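First residue of the sequence shown? That's 4 in the numbering used here, and the numbers climb one at a time after it.
Using N, Cα and C, we set each Cβ at its ideal position, and we do this for glycine too.
In this text the structure is predicted, and so the values were computed from the model without any measurement.
Here is the structure we will look at.
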Amino acid sequence: MEIKELPLRKCVGCNKMFPKNQLFRVVRLDGDVRVDLSYKAQGRGAYVCRNEACLALAEKKKGFNRALKTAVSPEVISNLYMELENGSR
Ligand SMILES: [Zn+2]
Numbered sequence: 004m005e006i007k008e009l010p011l012r013k014c015v016g017c018n019k020m021f022p023k024n025q026l027f028r029v030v031r032l033d034g035d036v037r038v039d040l041s042y043k044a045q046g047r048g049a050y051v052c053r054n055e056a057c058l059a060l061a062e063k064k065k066g067f068n069r070a071l072k073t074a075v076s077p078e079v080i081s082n083l084y085m086e087l088e089n090g091s092r
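What follows is the structure, given as C-alpha cells:
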C-alpha cells in the first residue's frame, strides 16, 4: 500500500493539526460556504475533525467564521453533522 505524505491542516474545533483526509473541509467561494467532500473545490478552506466534539467546539467558538472570515450559516454545520452520521469517509 502506497503511503503518501498528506499535508496537515488545523481543526477549527480543537486547533490541532491532522492529515487533511481525517478532517472535513468547508470551503468558501464567492461568499458561498459549503462542505467540500472532494477536498478539491476552489476557494478558502477550513477544516474540522470528523467527530461530534470538534464540530460542537467549532460551532461554539465560531471557528469556521473566523477561519473563513465570513458568517457561516447553521445549515453548513448541520450538513457536517449529517455527513458524520452517514459515516462518509
Ligand atoms: Zn479537532
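Do residue i and residue j have their C-beta atoms within less than 8 Å of each other?
| i | j | result |
| --- | --- | --- |
| L9 | K23 | yes |
| A44 | V51 | no |
| G34 | T73 | yes |
| L26 | R69 | no |
Shorter than 8 Å from the beta carbon of residue i to some beta carbon of chain C?
| i | result |
| --- | --- |
| P10 | The structure shown contains no chain C; it holds only a single protein chain. |
Using the C-alpha atoms, what's the distance from residue j back to residue i?
| i | j | result |
| --- | --- | --- |
| M85 | K19 | 23 Å |
| K63 | G90 | 23 Å |
| L87 | C14 | 15 Å |
| F67 | K7 | 27 Å |
| A56 | G16 | 8 Å |
Between residue i and residue j, which are expected to be in contact by the criterion C-beta below 8 Å, what is the C-beta distance as a whole number of angstroms?
| i | j | result |
| --- | --- | --- |
| L71 | R31 | 4 Å |
| S76 | V36 | 7 Å |
| Secondary structure, beta strand (DSSP E): runs of 3+ residues fully inside the segment 9-92 | 11-13, 20-22, 26-32, 35-38, 47-52
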